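Numbering (this note's numbering), first residue to last: 429 to 616.
For each residue, glycine too, the CB sits at the ideal point set by N, CA and C.
Predicted model only: the values in this text are computed from it and were never measured.
Written below as structure tokens is the structure these notes are about.
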Ligand SMILES: [Fe+2]
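If you want it as structure tokens, here you go:
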């Protein structure tokens, strides 16, 4: 399963809290920024309570992504191809309509590991783009668990900035690589 949309109680309240708490960074047009999980207790208490009730492993990272109008993130996997970040819980905040996350099939040999991420962080890009095939796509219009260890891209063909929060959880060799290993998905 590449993605799983969730029905989250009080989601519009969560969105409102996140919009209010991210105004400054949005105005500065940062491409991404990190916020400590503990800070969400005051930034978005509704989200904080919801996640804390359901999470099965600790929150490792909370990263906001701002994709400018008519921009994209090229096909990549999170982390490097030999040590990938498996999944994220993506919370759409604004400018999501008509934007897409797209997943692709990619031969295992077709990666370029390097410092291609924001701030030259290690990440893994597709070497030859002609070898990938689209396998699925989604508009992340509600909180959605997404696989980030399968090649994926983000496209924003609209005139608006797209703002989304991605919550990452602890994982190890034994657990934390599937949605239901990091989160209680019952009735969502
Ligand atoms: Fe990614």
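Discussion item. Ligand 1 and residue 576: does any heavy atom of the ligand fall closer than 7 Å to the residue's C-beta?
Written reply: Yes, ligand 1 has a heavy atom inside 7 Å of this Cβ.
Worksheet item: Of the choices 607, 568 and 470, whose alpha-carbon is the least far from that of residue 584?
Response: When each option's Cα is compared against that of residue 584, the closest is 568.
Worksheet item: So is the beta-carbon of residue 541 under 7 Å away from any non-hydrogen atom of ligand 1?
Response: Every heavy atom of ligand 1 is 7 Å or more from the Cβ of residue 541, so no.
Worksheet item: So which of 481, 502 and 468 has the shortest CA-CA distance to residue 492?
Response: Of 481, 502 and 468, the residue nearest in Cα terms is 468.
Worksheet item: What number of angstroms, rounded off, separates the C-alpha of residue 558 from the C-alpha of residue 444?
Response: In a straight line, the C-alpha of residue 558 is about 41 Å away from that of residue 444.
Worksheet item: Nearest-angstrom Cα distance between residue 450 and residue 615?
Response: One Cα belongs to residue 450, the other to residue 615, and the distance between them is close to 29 Å.
Discussion item. From the DSSP secondary-structure annotation, give me the bridge partner or partners of residue 512.
Written reply: DSSP links residue 512 through a beta bridge to 507.
Worksheet item: What number of angstroms, rounded off, separates the C-alpha of residue 440 from the C-alpha of residue 448?
Response: Whole-angstrom Cα-Cα distance: 12 Å.
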